[in-house]
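With mature numbering (1 follows the signal peptide of the UniProt record, and there is no 0) applied, the sequence shown covers -21 to -1, 1 to 77. Note that the Cβ used here is the ideal one computed from N, Cα and C, for glycine as well. Worksheet: the structure to be examined is printed underneath.
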Amino acid sequence: MKTLIVALALTACLAAPNADARLFGKSPEKSAAEAASQQLQAVTIWVDASWGFRNQGAANDLSAAHRAFYQRGYHVVSVEPYIENGDLQGFFVTYEKR
């Protein structure tokens, strides 16, 4: 199921020429800087919640991502949690240029 969601997210981003998926291996700050430098109209990132303190860690990571994108002129369009076998794995977060 996780593979299907990632594939759907990537397909959606490829279908929309102004969108870009930043799913793995990049910090929100780096993703926000790249999105701004490439003048992307929308960007989707993955915020992992599958390790550490899920309650505080995920909230702190989401706040950091929101802050990084807001500082570069983006606002939150959607935050979609991904749950696998009853466990929160993370969030797909989409930002759009204001």
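| Item | Value |
| --- | --- |
| When DSSP builds the beta bridges, which residues end up paired with Pro7? | DSSP, once it has assigned bridges, lists no residue as partnering Pro7. |
| Please classify Arg1 as buried or exposed, where buried requires at least 16 neighbouring CB atoms within 10 angstroms. | Unreliable placement is indicated for Arg1, whose pLDDT of 42 sits below 50; the coordinate value is still reported in the next sentence. With 16 or more other Cβ atoms within 10 Å, it is buried. |
| By a C-beta neighbour count over all protein chains shown, 10 Å radius and 16 as the cutoff for buried, is residue 84 buried or exposed? | It is not possible to answer for residue 84, since the shown part of the chain is limited to -21 through 77. |
| Given that a residue counts as buried once 16 or more other Cβ atoms are within 10 Å of its Cβ, and exposed if not, what is Ser57? | exposed |
| Exposed or buried, His45, counting other C-beta atoms within 10 Å across all chains shown (16 or more means buried)? | buried |
| What span of residues does the beta strand (DSSP E) with Leu67 cover, start to end? | Asp66 to Lys76 |
| What are the boundary residues of the beta strand (DSSP E) that includes Ala21? | Ala21 to Asp27 |
| Report the option in Gly52, Gln50 and Ser29 whose CA atom is closest to the CA atom of Phe70. | Ser29 |
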